[in-house]
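Trainee: Pasting in a structure now, in structure tokens, and then I'll have a few things to ask.
Residue numbers (my numbering): 32 to 122.
Printed below as a string of structure tokens:
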């Protein structure tokens, strides 16, 4: 989706500190999360994505806002949020 939208600077935020830590700092992640970590590393290396940890409250608030907005605009495009996010969620 990011390639088709022409996005070149993508930051993916997660409330899982462990997932971010394993993806960035752990040379040999545990086998049970290996697929997830390799996927994150692939996106980081091949597409230039950045991954960041955020507090759960912030992540849940953003997810709720996106879901509410999408539900209210059933006829609209959810990509509107991607192109012009609310200043409330920028940092």
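Every residue gets a Cβ at the ideal spot worked out from N, C-alpha and C, and that includes glycine. Treat the numbers as computed from the prediction; the structure is a model and nothing was measured.
Can you give the beta carbon distance from residue 78 to residue 43, rounded, assuming they're within the 8 Å contact cut?
Mentor: Contact flag wrong, Cβ pair sits at about 10 Å.
Trainee: Check residue 119 in the structure and name its three-state DSSP category.
Mentor: The predicted model places residue 119 with a pLDDT of 40, which falls under 50 and marks its position as unreliable; any figure quoted below should be read in that light. Helix at residue 119.
Trainee: Check whether the Cβ atoms of residue 68 and residue 58 lie closer than 7 Å to each other.
Mentor: Taking 7 Å as the Cβ cut-off, residue 68 and residue 58 do not qualify as a contacting pair.
Trainee: Tell me the DSSP secondary structure of residue 45 in three-state form.
Mentor: If DSSP states are grouped into helix, strand and coil, residue 45 belongs with the strands.
Trainee: Are residue 47 and residue 72 close, meaning C-beta to C-beta below 7 Å?
Mentor: Not a contact, by the Cβ cut-off of 7 Å.
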